[in-house]
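Presented below is the structure to which this report refers.
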Amino acid sequence: MRVPILSLGEVLVASIQDALTDRGWRQLQADLLAQAGRRPPPGSRRKTAPRGVVIDLSTMDVMDSYATRSLDGIARMLALRGAETVVVGIQPGVAFAMAQLGLGLASAGTAVDLEAGLALLAEQVRGDGRHHGA
Amino acid sequence: MREYWDFYEKNRDAVDATLRAVVEKIPAFAQVMRSMSPAQLAEQEKRGLALQRQALVEGNWRPYLEDLAAQAENFARSGIPFSTWLPLFTSFRVLLRGRLFEAYAADPARVARILDGMNHYLDRAVGVLGDAYDLAKERLIGQQQEAIRELSTPILQLREGLLILPVVGLVDTRRARQITESLLLRIRDRRAELVIMDITGVPIVDSKVANHLAQACEAARLMGAQVIVTGISPEIAQALVTIGAEMRGVRTLADLQSGIEEADRLQGFGRSKSLAHEAAAETA
Amino acid sequence: MAVTMAPESRLPVRDDGEIVGARRAARALAATLGFSETDLTMIATAVSEIARNMVEYGGGGEMTFAVIDGDGRVPGRRGLRITATDHGPGIPDVERAMQDGYTTGRGLGLGLPGARRLMDEFRVESAVGVGTTVSMTKWVV
Ligand SMILES: Nc1ncnc2c1ncn2[C@@H]1O[C@H](COP(=O)(O)OP(=O)(O)O)[C@@H](O)[C@H]1O
Ligand SMILES: [Mg+2]
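Chains as they are written, first to last, in the numbering used here: chain A, 8 to 141; chain B, -14 to 269; chain C, 45 to 185.
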């Protein structure tokens, strides 16, 4: 199953709906990388390639080390393509279990929900914002 | 066992009548009995008997012991001490033994077998009862401690997006979990982006506590909130570095005032509107 | 002397799809025991880590989920015990494998030590050339 990716101006939003298989993660990675670097066709209102990506995990009930490593890897690859990643919506129980495992998301920003994530990206893209990354 | 059961069955009516009289003289039990209707009492008695039969005749003890444990937990919860039960068991032993000697005076071997059966049965029951009491007590104490802990860790919202969490008292694994869980829920519900965790009131910060705090900060970070830990005394700073538990990756500041100043800066509040400024004006 | 009682279920874990199946099964069974929401997530996460190891290093294996009733004292304390068995190459140095950050693959080396932190009881038995069994238990408070 493929993760739908929404384009909101300069930002891409990917909402992961369910537990992803390994192939699902690779697909998401390929899709985001392809879209993040793509300039809009001539004549579009938007002139630049997407500068930010929000990955919404609000419906995920488990983030294990494999998923976290995949996600962090995607954020690092997106950074090489000039796009910032913000992960949003990690639920309290999931955050608790991740911290106990010793997992962090060093390469991505984090925000409590989509709205906060978009605000954080707007700040970062403007370049005057604080960094939520460690 | 079987022989004991048969003997008990034969004498049950008489023994139970006498036991009931004993029970009624123990105020705590009498109260429980009065709180139940005769129909309820009869029902419970029937059930207990069936379970006992299953244990003693079929050798299937589990349902009986479970039922006993559940009842014991109820008694323990309603504050009836374990010792209240002992006269009941003693009376039972004495009663049945008397009848046994009367019935089989001529057959001491049989008396001995039935006595062994009775003692085995009673020892098992008393053992389960005692353990269930211990467990119920432990649970009760645990729940009370939990309630006290929850009361003792308030999480306040200072302004939009900013929470303050003063931690007071000892932090063990259980409490660390409780604090972290309530903090994470609050972050989501209040959509907080910044948390000041003030540990001025935590007397001991060893590597374990430091670890718990670092985990709480990391979990909060994953939810999108940055945590600033304040209130690390000179002594604690020395201790943490000495044992190599410096909470790397956690933003720490000397005192709450510095934490609030930092929050003002991070949230982009100018001097006039800042909380730090207001606080300073108040103390001036 | 813990007494195990039904329901007990057994699932093969051979690929990533079955890893997801195993953690769903664990969560569903645990939910019937009255674990808190955070506990359910902790259990599912530990299962995911151990199942992943079986697929990644153990050549696939099998997981059983059993409700435990009684922790050797009183019938009444309930828990979930998960046992993962594979017949892969085994772990030569279990103590080392249990350390944070140790990996022989490309992982983060947090699966075994992390699962131990997430559960109440945790044991690894492994013999080189024979296989690995991880058993872990979580108690309802
Ligand atoms: N079922 C298994 N069979 C063989 N080796 C295993 C198994 N589980 C774990 N290991 C070994 O233990 C190491 C540590 O495992 P783990 O802590 O999960 O970290 P990771 O999976 O990231 O390597 C693995 O790299 C592997 O060498
Ligand atoms: Mg692993």
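Ideal Cβ placement from N, Cα and C applies to all residues, glycine included.
Fill in: For residue 212/B: DSSP bridge partner residues
Partner(s): 180/B.
Item to complete: Please list, in chain order, all residues of the same chain as residue 141/A whose beta carbon is under 6 Å from its beta carbon, the five residues on each side excluded.
Response: Here the model assigns residue 141/A a pLDDT of 37, short of 50, so the residue's position is not dependable, and the following value carries that caveat. Result list for residue 141/A: 113, in chain order.
Worksheet item: Which residues in chain C sit within 9 Å of residue 203/B, going by Cβ to Cβ distance?
Response: Correct list: empty, because the minimum Cβ distance to chain C is about 13 Å.
Worksheet item: What do you get for residue 352/B, buried or exposed, if any count of 16 or more other CB atoms within 10 angstroms of its CB means buried?
Response: Limits of chain B in this structure are -14 at one end and 269 at the other, which puts residue 352/B out of reach.
Worksheet item: Where does residue 254/B sit, in a helix, a strand or coil, going by DSSP?
Response: Coil.
Discussion item. 8 Å is my cut-off, CB to CB: does residue 81/C come that close to chain A?
Written reply: At a cut-off of 8 Å between beta-carbon atoms, residue 81/C makes contact with chain A.
Worksheet item: Going straight from the alpha carbon of residue 18/A to that of residue 93/A, what length do you get?
Response: Taking the CA atoms as reference points, residue 18/A sits about 10 Å from residue 93/A.
Worksheet item: Excluding sequence positions up to five away, which residues of its chain have a Cβ less than 7 Å from the Cβ of residue 144/C?
Response: Excluding sequence neighbours, residue 144/C sits near 153, 154 and 157.
Worksheet item: From the beta carbon of residue 107/A, is the nearest beta carbon of chain C less than 8 Å away?
Response: Among the CB atoms of chain C, one or more fall inside 8 Å of the CB of residue 107/A.
Worksheet item: In whole angstroms, what is the alpha-carbon distance linking residue 153/B and residue 115/B?
Response: Their Cα atoms are separated by approximately 36 Å.
Worksheet item: Shorter than 8 Å from the beta carbon of residue 168/C to some beta carbon of chain A?
Response: Chain A contact via Cβ: absent.
Practice prompt. Using the Cα positions of residue 95/B and residue 89/B, report the straight-line distance between them to the nearest angstrom.
Written response: When rounded, the separation of the alpha-carbon atoms in residue 95/B and residue 89/B is 7 Å.
Worksheet entry | Own chain, CB closer than 7 Å to residue 89/C, minus 5 neighbours either side, in chain order | Here the set comprises 162.
Item to complete: Could you check which residue in 217/B, 15/B and 203/B has the C-alpha nearest to that of residue 109/A?
Response: Taking each of 217/B, 15/B and 203/B in turn and checking the Cα distance to residue 109/A, the smallest one comes out for 203/B.
Worksheet item: Residues in its own chain within less than 6 Å of residue 107/C by CB, not counting five upstream and five downstream?
Response: Hits under 6 Å: 55, 57, 66 and 128.
Practice prompt. Report the neighbours of residue 53/C on chain A: residues whose CB is nearer than 9 Å to its CB, in chain order.
Written response: For residue 53/C, no chain A residue has a C-beta closer than 9 Å to its own C-beta; the minimum C-beta separation is roughly 19 Å.
Worksheet item: In or out: residue 45/B buried (at least 16 other Cβ within 10 Å) or exposed?
Response: Exposed, since its Cβ has fewer than 16 Cβ neighbours within 10 Å.
Fill in: Partner residues on chain A for residue 173/B, Cβ-Cβ distance less than 7 Å
Result: 99 and 119.
Discussion item. Any beta carbon of chain C sitting closer than 8 Å to that of residue 247/B?
Written reply: Put simply, the CB of residue 247/B is far from chain C, with every gap to its CB atoms at 8 Å or more.
Discussion item. Extract the residue ranges of the beta strand (DSSP E) inside the region 28 to 70 of chain A, only unbroken runs of 3 or more that lie entirely within it.
Written reply: Note on the region 28 to 70 of chain A: whole beta strand (DSSP E) runs with a minimum of 3 residues are 59 to 63, in chain order.
Discussion item. Going by DSSP in three states, residue 142/C sits in which element: helix, strand or coil?
Written reply: For residue 142/C, the secondary structure class from DSSP, reduced to helix, strand or coil, is coil.
Worksheet item: Is residue 56/C helix, strand or coil by DSSP?
Response: The answer is strand: DSSP assigns residue 56/C an E or B state.
Worksheet item: Sorted by chain position, which residues of the same chain lie with C-beta nearer than 6 Å to residue 199/B's C-beta, five sequence neighbours on each side aside?
Response: Apart from sequence neighbours up to five positions away, the residues of its chain that approach residue 199/B with a beta-carbon distance below 6 Å are 232 and 235, ordered along the chain.
Practice prompt. Answer yes or no: do residue 21/A and residue 35/A have a C-beta to C-beta separation smaller than 8 Å?
Written response: Their beta carbons are under 8 Å apart, which means residue 21/A touches residue 35/A by this criterion.
Worksheet item: When DSSP labels each residue in this structure, what does residue 123/A get in the three-state scheme?
Response: Residue 123/A: helix per DSSP, three-state reduction.
Fill in: Reduced DSSP secondary structure (H/G/I, E/B, other) of residue 184/C
Three-state result, residue 184/C: coil.
Practice prompt. Ignore the nearest five residues each way along the sequence and tell me which others in residue 167/C's own chain have a CB closer than 6 Å to its CB.
Written response: In its chain, beyond the 5 residues on either side, 179 have a beta carbon closer than 6 Å to the beta carbon of residue 167/C.
Practice prompt. Quick one: grab the DSSP three-state call for residue 174/C.
Written response: Coil.
Practice prompt. To the nearest angstrom, report how far apart residue 11/B and residue 68/B are at their CA atoms.
Written response: Taking the straight line from one Cα to the other gives about 11 Å.
Item to complete: State yes or no: is the C-beta of residue 107/B within less than 8 Å of the C-beta of residue 85/B?
Response: Going by C-beta atoms, residue 107/B is not nearer than 8 Å to residue 85/B.
Discussion item. Need the endpoints of the alpha helix (DSSP H) that residue 148/C sits in, please.
Written reply: From DSSP, residue 148/C is part of no alpha helix (DSSP H); its letter is neither H nor E.
Practice prompt. Return helix, strand or coil for residue 218/B, following the three-state DSSP convention.
Written response: Reduced to three states, the DSSP call for residue 218/B is coil.
Worksheet entry | Segment contact, 8 Å Cβ cut-off, at least three pairs: the region 82 to 97 of chain A with the region -5 to 9 of chain B | Result no; under three Cβ-Cβ pairs closer than 8 Å.
Practice prompt. Closer than 5 Å is what we want: which residues have a beta carbon that near any heavy atom of ligand 2? List them in chain order.
Written response: That query returns the following residues: 97/C, 151/C and 155/C.
Worksheet item: Is the CB-CB distance between residue 103/C and residue 59/C below 8 Å?
Response: It is not a contact, given that the beta carbons lie outside the stated cut-off.
Practice prompt. State the Cα-Cα distance for the pair residue 28/B and residue 34/B, rounded to the nearest angstrom.
Written response: If you take the alpha carbons of residue 28/B and residue 34/B, they lie about 10 Å apart.
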